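Peer 1:
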Amino acid sequence: MLVFTLTNLKMMSRNRQATFWALFFPLMLVVVFGLLDIKGVGSPNLVLVDQANTEASKLLREQLAGIEFLGLEQTPTSESAARLRVAEGDLDYLLIIPVGFVDLSPEGSSIAPASVALVHNTRDLQRNQLVDGVLRNLVAKVQPSSLSNEQALQVVSEEITIPEVSYFDSVLMGLIALGIMTSAIISIPV
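Residue 171 in our numbering sits at position 148 of the sequence shown, and the numbers go up by one each step.
Structure (structure tokens):
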């Protein structure tokens, strides 16, 4: 096998086109695709777990549905199942509206607001900051003006660390296989 490999490299050194296509072309693809930021592709998906089921939480759901770049999933799911999806990387964001959320109805006279929880993964830091800011803005719009600063609705952000799959983990192995395949194809007719 070693003799065959050395003979193949010797033939490739004599044929410059074969060397280019077998070695340098896959290397150029690695560099070109490595310069592109391919991790921010696609719109983030969000699941809303509404434990309060108040007028304010319904209003928040309507406002979230109006945001185009967030894919709000309409299927009802439990908090534990959604947390598991975030931990596995299948879900980007989970917004949990707790039972003590503000009630805008006339019967909801006692105001003891609870914090809204935003659970997200560590995959895309810039997008996480953008979504966090949008959700804080929407929660601030939903709260009644009668709330004092101490009673203002809070959004508590919780981060779940997931293993990050980088460009080199996924694409580089394919490009190495492309180089091996190309050198095998080139060595057959020579």
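Think of the CB as a built atom: it goes at the ideal place given N, C-alpha and C, for glycine as much as any other residue.
Keep in mind the model is a prediction, meaning the values are calculated, not measured.
Using only the alpha-carbon positions, how far apart do L198 and D113 sit?
Peer 2: 26 Å
Peer 1: Could you tell me which uninterrupted beta strand (DSSP E) segments, each at least 3 residues in length, are contained entirely in the segment 50 to 91, listed from first to last along the chain?
Peer 2: 68 to 73
Peer 1: Would you tell me roughly how many angstroms separate the C-alpha atoms of V55 and A105, rounded to the nearest one?
Peer 2: 36 Å
Peer 1: Between the Cα of E111 and the Cα atoms of L83, I185 and L176, which residue gives the shortest distance?
Peer 2: E111 has its Cα closest to that of I185, out of L83, I185 and L176.
Peer 1: Please list, in chain order, all residues of the same chain as V122 whose beta carbon is under 8 Å from its beta carbon, the five residues on each side excluded.
Peer 2: Q74, A75 and A137
Peer 1: Leaving out the 5 sequence neighbours to the left and right, which residues in its chain are closer than 8 Å to E181 when beta-carbon positions are compared?
Peer 2: A140, L141, V142 and H143
Peer 1: How long is the line joining the alpha carbons of S169 and A175, rounded to whole angstroms?
Peer 2: 10 Å
Peer 1: Throw me the rounded Cβ distance for the A88 and L82 pair, which I believe falls under 8 Å.
Peer 2: A88 to L82, Cβ: 11 Å. No contact.
Peer 1: For T42, which residues from the same chain have a beta carbon less than 8 Å from its beta carbon, with the 5 sequence-adjacent residues on both sides left out?
Peer 2: M35 and S36
Peer 1: Return the first residue and the last residue of the alpha helix (DSSP H) that L29 is part of.
Peer 2: In this chain, the alpha helix (DSSP H) harbouring L29 covers L25 to R37.
Peer 1: Write down every uninterrupted run of the alpha helix (DSSP H) in the segment 99 to 161 whose length is 4 residues or greater and which is fully enclosed by it, in chain order.
Peer 2: 102 to 111
Peer 1: Measure the alpha-carbon distance for S101 versus M24 and round it to whole angstroms.
Peer 2: The straight-line gap from Cα to Cα measures roughly 57 Å.
Peer 1: With distances taken between CB atoms, is the gap from L201 to L158 smaller than 8 Å?
Peer 2: No, the pair does not count as a contact, with Cβ atoms beyond the cut-off.
Peer 1: Would Y116 and P67 be called neighbours here (beta carbons separated by less than 8 Å)?
Peer 2: yes
Peer 1: Which class does S180 belong to by DSSP, given the choice of helix, strand or coil?
Peer 2: When secondary structure is reduced to three states using DSSP, S180 falls in the strand class.
Peer 1: DSSP has E96 in a bridge; who is on the other side?
Peer 2: V70
Peer 1: If V154 and L93 are in contact, beta carbons under 8 Å, what's the gap, nearest whole angstrom?
Peer 2: 7 Å between Cβ atoms; contact.
Peer 1: Confirm, please, whether the CB-CB distance from V125 to A79 is below 8 Å.
Peer 2: Between A79 and V125, the CB-CB gap stays under 8 Å.
Peer 1: What is the C-beta distance between V109 and I183, in whole angstroms, given that I count them as a contact (C-beta under 8 Å)?
Peer 2: 5 Å
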